[in-house]
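So in my numbering, spot 7 of the sequence shown is number -4, and the numbers just go up one at a time.
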Amino acid sequence: MTSKHYSTDVVIVGAGPAGLFAVFECGMLKMKCHVIDSLAQVGGQLTALYPEKPIYDIPGFPMILAGDLVTHLEDQAKPFDPVYHLNQSVSDLKPLGDSRFEVTTSGGAVVNCAAVLIAAGAGAFGPNRPPLEGLDAYEEKSVFYMVRRRADFADKTVMIAGGGDSAVDWAISLSDVAKKIYFVHRRDRFRAAPESVNKLHEIARGGKVEMVIPYQLHALHGENGVLSAVELADLDGNKKTLEVDALLPMFGIAPQLGALSDWAITIEQHHIPVDPATQQTNVAGIFAIGDVATYPNKLKLILTGFSEGAMAAHAIRPRVFPGEELHFVYSTTQGIP
Ligand SMILES: Cc1cc2nc3c(=O)[nH]c(=O)nc-3n(C[C@H](O)[C@H](O)[C@H](O)COP(=O)(O)OP(=O)(O)OC[C@H]3O[C@@H](n4cnc5c(N)ncnc54)[C@H](O)[C@@H]3O)c2cc1C
């Protein structure tokens, strides 16, 4: 793989709400950012786990859908021209003397920066993949772990497998556009919000969704990554094969701190201890915010991550502009570039 080299002020690891808002806060202090995320889209947990759920505790928004909050955060960061490296995780971090770092991504980007801001949430998300033979040939062609655009499933026969909120919510949402949905679950109990499960059963009574319970995925049939049918098996080994155009296995997303655990940063029980006055980790120049950062009485909320982004940006600024005094101004005075 050929490497592409960049230089910037701050590398932000994680494009969840904390990372996205930190781009804005750094931008207001005239610092440029590159943002790395292992997911193909920005938004962290909000995009990956609950894009269509309402959030009620974002200041100024009595209610906002998680997906809409992500769109607003992206728009708020846009004037500062962040460079996103999506679909790639951080594979290496090297200090270059006392004042700079070099961050390498799995996609071959090598970014030289003055500070690293870790906003990695619970870690790099990857889907829990079902153990099916030949699965990788179908992935991103007819097997998908997340829905990017509902329109991709218009008039298709879609199989959704799982029993949690994502499986149930996407079955409800796609029932508007898909030709038919098979909902496969290994037992009659769900780990999803009861009102969503009731809604799914109601749609199933109308015939648009067919509940296939208790069954598990057993084998995929198709050619060149194009799925034609999925074979299912129940716990007694009885099998049935259903013709489908797409399969969405929704068995949750497993977070991994991955390469972050190999760096010199202290990690305690999957969290990074920081000084809450600056958000700095035990390594000078490496900061952490959002769900991944911990200190006494930490509240793991989106709004906490926003505040921590502002604290970190102010603590990082002297590394980028050494010796330059900050004349603090409100956004109402300064405006946006
Ligand atoms: C169902 C549900 C409902 C919730 N409701 C609320 C609510 O109502 N109010 C509220 O305040 N909070 C709520 N939360 C919690 C909220 O979502 C989290 O507090 C918030 O997402 C944390 O933001 P973050 O930016 O720190 O991390 P995340 O959103 O977890 O984003 C971290 C990002 O970092 C990326 N990443 C991690 N490691 C790497 C790596 N090595 N390389 C590249 N990328 C990496 C991940 O892929 C991810 O995209 C809810 C959570 C869930 C699951």
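In this text, a Cβ means the ideal position worked out from N, Cα and C, and glycines have one as well.
Per DSSP, cross-strand counterpart(s) of residue i
| i | result |
| --- | --- |
| Arg89 | Leu85 |
| Arg180 | Gly153 |
| Val0 | His23 and Val105 |
| Leu221 | Leu206 and Lys229 |
| Ile44 | Ile53 |
| Pro262 | Thr283 |
| Glu212 | Val215 |
| Gln332 | Past the boundaries of the shown model lies residue 332; the chain is included only from -10 to 326, so the question cannot be answered. |
| Leu237 | Ile149 |
| Phe172 | Ile149 and Met200 |
| Leu75 | Asp26 |
Cβ-heavy atom distance, residue i to ligand 1, below 7 Å
| i | result |
| --- | --- |
| Ser162 | no |
| Ser131 | no |
| Gly112 | yes |
| Ala108 | yes |
| Leu292 | yes |
| Gly8 | yes |
| Leu62 | no |
| Gln34 | yes |
| Val79 | yes |
| Leu28 | yes |
| Ile25 | yes |
| Val(-1) | no |
| Ile256 | no |
| Val309 | no |
| Ile44 | yes |
| Gly5 | yes |
| Asp280 | yes |
| Lys287 | no |
| Tyr39 | yes |
| Val105 | no |
| Val2 | yes |
Between the CA atoms of residue j and residue i - distance to the nearest angstrom
| i | j | result |
| --- | --- | --- |
| Gly196 | Asn187 | 15 Å |
| Ile44 | Ala103 | 35 Å |
| Lys130 | Glu220 | 18 Å |
| Gly110 | Gln77 | 16 Å |
| Met135 | Leu237 | 7 Å |
| Leu163 | Lys169 | 9 Å |
| Gly294 | Gly112 | 15 Å |
| Asp70 | Pro326 | 11 Å |
| Gly3 | Asp81 | 15 Å |
| Lys229 | Glu122 | 17 Å |
| Tyr171 | Thr322 | 55 Å |
| Asp141 | Val157 | 18 Å |
| Ala266 | Ala11 | 16 Å |
| Pro51 | Glu128 | 38 Å |
| Val215 | Met20 | 46 Å |
| Lys(-7) | Lys83 | 16 Å |
| Asp154 | Met148 | 16 Å |
| Leu85 | Gly8 | 23 Å |
| Glu199 | Arg306 | 56 Å |
| Thr283 | Asn271 | 12 Å |
| Glu212 | Pro119 | 19 Å |
| Leu124 | Ala193 | 28 Å |
| Gly226 | Ala208 | 13 Å |
| Gly312 | Ile254 | 27 Å |
| Val281 | Ile256 | 10 Å |
Nearest-angstrom Cβ-Cβ length linking residue i and residue j, presumed shorter than 8 Å
| i | j | result |
| --- | --- | --- |
| Ala150 | Val173 | 4 Å |
| Arg175 | Pro203 | 5 Å |
| Pro6 | Ile291 | 5 Å |
| Ala160 | Leu206 | Between Leu206 and Ala160 the Cβ distance is about 15 Å, and since that is not below 8 Å, they are no contact. |
| Gln268 | Glu297 | 5 Å |
| Val233 | Thr146 | 5 Å |
| Val59 | Cys22 | No, Val59 and Cys22 are not in contact; Cβ-Cβ is about 17 Å, not under 8 Å. |
| Val105 | Tyr73 | Not quite, the Cβ-Cβ distance comes to about 16 Å (not below 8 Å), so this is no contact. |
| Ile275 | Ile107 | 7 Å |
| Val166 | Arg139 | 5 Å |
| Ala218 | Leu231 | 6 Å |
| Thr(-3) | Val100 | 6 Å |
| Tyr(-5) | Ala98 | 7 Å |
| Asn117 | Gly241 | 5 Å |
Could you tell me whether the segment 53 to 63 touches the segment 29 to 45, where touching means 3 or more Cβ pairs closer than 8 Å?
-> yes
Taking contact to mean at least 3 C-beta pairs separated by less than 8 Å, is the segment 311 to 319 in contact with the segment 24 to 35?
-> no
Examine the Cβ distances between the segment 56 to 71 and the segment 89 to 109 and report whether three or more of them are shorter than 8 Å.
-> no
Quick check: the segment 292 to 307 against the segment 12 to 26, are there 3 or more CB pairs under 8 Å?
-> yes
contact_flag[the segment 260 to 270, the segment 278 to 288] where n(CB pairs < 8 Å) is 3 or more = yes
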